[in-house]
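Asks: Encoded as structure tokens, here's the structure I'll be asking about.
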Amino acid sequence: MARPKVNISTTNGNLGGLAPNVDGVCGLIMAIPQAPTSGFGTPVLIKSKKQAGEELAQATNAQALTAINDGFFAEAAEGSKLYCLFVAAATTMEDMLLPANADKLLTFANGTISLLGLAKFPASGYTPVVTDGIDADVVKAADAAQILSTKWFNLRKPFRALLQGFGFTTPSSVKSYAADKKDNIGIVLGTVNGNGPHALLLALGRASGMPVQRNIGRVKSGSLKLQESAVVKIGDKNVDAIDSVDLDTLWEKRYITFERNEAAPGYLFNDDNMLGTLTSDFSSLRNGRTIDKAVRIAYEVYYNELKNDVDVDDNGRLSSAIEAALSLNIEEAISRRMAGEISQNNDGTPAVEALVNPDPSAYAGLYSAAGIDHPDFNILATNLVYIFVRIRPKGCLKYIDVFLGYTAA
């Protein structure tokens, strides 16, 4: 037996198919040409364009500074937290995820980072090894990032990661993630004026500035904040020159990239795809961020209950009053802190439900999804309580079919 603790896990397959944002704390690990003011491998917190300019004051780091100031802080409000770890240009994205780098940054931020970005300005002469239509380093980094995100989820400090799609070649040749299971990871394809990290940081900044349930490609949020003269490309082609079939292919292969905004001048992100099958509940960044926030709230609420003495009935089960209190505590916390970020019931209340030790015959599916075969409610024997928290996320209008015709009436 281990020491007393609260375990939080998520169940999947249940859906079937500008002030600084406190939920948008970001981290960035980026390989740059020259050591920044604080030095390579030293975590720093950047909250403004001025601070970014002081940290990346070196002439050879001009493009990195542009990526942060014209990318992240173009979309996220000044004052937003961007924890940064700059590494040498020779550092691969896969190596950025080693404990000496990624864990150092995440720990420096006390586990508050909910969005992590990885980008690189590789050393001169760097030639990507392209095997799946993209730098093999990106593919390896996606694998490593999913492992890292699982590790930090188990610490109850979950995050989602966005990777720069360095070395992308063509839509037809690039690796498909349509059948993969990397729900915590997304890859951003594209460049702004030849600057790949700029595109990545636009996505990171837009996500940071939005509530957790919102799609970074939402049309009503307006075009991405780019200069009118900006040259926006996917691979070696301007976005406007890319065939819609190729854009569909990139979406189907689960990549985040640019598309023209048909309602106003400028560009949008095509969607908020993560690297996993559409049947996963967490195949979108918005659903992932929503569940991550709920995980943090649930852990905070129930950590306070650890090792508390409680009344039990003559079968060793928690008293009904205690079960009701455990249910009410989490429902109230999520309702209060996620109002507007999850769906509402018909009466206007947030759609969250907490079931404490529910009847196994009535809720067999819940127990099965959690890997529990024979629940035992005798807390005197097990010291265990089963709590299922169910939230109904916001939907997202992706396919709008309009049937238009005449009527004689």
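In my numbering, each residue carries its 1-based index in the sequence shown increased by 5. Beta carbons: idealized from backbone N, C-alpha and C, even for Gly. For clarity, every value in this text was computed on a predicted model and none was experimentally measured.
Counting Cβ pairs, one atom from each stretch, are 3 or more of them under 8 Å apart for the segment 137-146 and the segment 307-321?
Replies: Too few Cβ pairs lie closer than 8 Å, so no.
Asks: Measuring alpha carbon to alpha carbon, tell me which of Leu205, Lys230 and Asp185 ends up nearest Ala82.
Replies: If we check each option's Cα against that of Ala82, Lys230 comes out closest.
Asks: Here's a check: name, in chain order, each residue in its chain whose Cβ is nearer than 6 Å to the Cβ of Ser348, leaving out the five neighbours to either side.
Replies: These residues qualify, in order along the chain: Ala356, Arg397 and Lys399.
Asks: So the beta strand (DSSP E) Leu123 belongs to, where does it begin and stop?
Replies: Leu123 -> beta strand (DSSP E) spans Leu120 to Lys125.
Asks: What is the residue span of the alpha helix (DSSP H) that Gly2 lies within?
Replies: Missing from the structure shown is residue 2; the chain here goes from 6 to 414 and no further.
Asks: Return yes when the Cβ of Gly281 is within less than 8 Å of the Cβ of Phe173, no when it is not.
Replies: No, they are not a contact pair.
Asks: If I follow the unbroken beta strand (DSSP E) through Gly32, where does it start and stop?
Replies: Segment Cys31 to Ile37, the beta strand (DSSP E) holding Gly32.
Asks: Rounded to the nearest angstrom, what separates Asn200 and Ala72 at their Cα positions?
Replies: C-alpha separation (whole angstroms): 7 Å.
Asks: Let me know if Ala232 comes out buried or exposed under the rule of 16 or more other beta-carbons within 10 Å of its beta-carbon.
Replies: With the sequence shown as reference, residue 232 is identified as Gln, and Ala is not the correct amino acid for it. Classification of Gln232: exposed, given that the 10 Å Cβ count is below 16.
Asks: Where does the unbroken alpha helix (DSSP H) through Ala326 begin, and where does it stop?
Replies: Ser325 to Arg342 is the span of the alpha helix (DSSP H), which, as asked, contains Ala326.
Asks: What are the boundary residues of the beta strand (DSSP E) that includes Gly191?
Replies: Residues Ile190 to Val193.
Asks: Under 8 Å by Cβ, that's how I've got Leu120 and Leu209 pegged, so tell me the actual separation to the nearest angstrom.
Replies: Leu120 to Leu209, Cβ: 6 Å. Contact.
Asks: So within the segment 250-324, which uninterrupted alpha helix (DSSP H) runs reach at least 4 residues, ignoring any that extend past its ends?
Replies: With a minimum length of 4 residues, the continuous alpha helix (DSSP H) runs that stay inside the segment 250-324 are 290-308.
Asks: I'd like to check one pair, Trp256 with Asn278: are the Cβ atoms closer than 8 Å?
Replies: Their beta carbons are under 8 Å apart, which means Asn278 touches Trp256 by this criterion.
Asks: Please state the DSSP three-state secondary structure of Pro355.
Replies: DSSP places Pro355 in strand when its eight states are reduced to three.
Asks: Using a Cβ-Cβ cut-off of 8 Å (strictly less than) and excluding sequence neighbours within five positions of Trp157, which residues of its own chain qualify?
Replies: Leu111, Gly116, Pro163 and Phe164, listed in sequence order.
Asks: Comparing alpha-carbon positions, which option in Ile302, Thr412, Leu409 and Ser289 lies nearest Gly191?
Replies: It is Ser289.
Asks: Which first and last residues belong to the alpha helix (DSSP H) in which Arg211 is found?
Replies: Gly201 to Ser213 is the extent of the alpha helix (DSSP H) around Arg211.
Asks: Could you check how far apart the C-beta atoms of Glu59 and Thr42 are, in whole angstroms? I think they sit under 8 Å.
Replies: Sure, about 6 Å apart at Cβ, within 8 Å.
Asks: May I have the straight-line CA-CA distance separating Thr155 from Ile118, to the nearest angstrom?
Replies: Roughly 14 Å between the two C-alpha positions.
Asks: Going by CA-CA distance only, name the one from Asn12, Asn66 and Ser177 that's closest to Pro4.
Replies: Nothing can be reported for residue 4: it is not among the residues displayed for the chain, which extend from 6 to 414.
Asks: Going by CA-CA distance only, name the one from Asn275, Ala269, Ser234 and Ser226 that's closest to Ser249.
Replies: Per the Cα distances, Asn275.
Asks: Identify which residue in Lys145, Lys225 and Glu336 has its Cα closest to the Cα of Val135.
Replies: Ranking the options by Cα distance to Val135, first place goes to Lys145.
Asks: Would Val217 and Arg294 qualify as a contact pair, given that the criterion is a beta-carbon distance under 8 Å?
Replies: In this structure, Arg294 lies closer than 8 Å to Val217 by Cβ.
Asks: Is Lys403 helix, strand or coil when you go by DSSP?
Replies: Coil, per DSSP.
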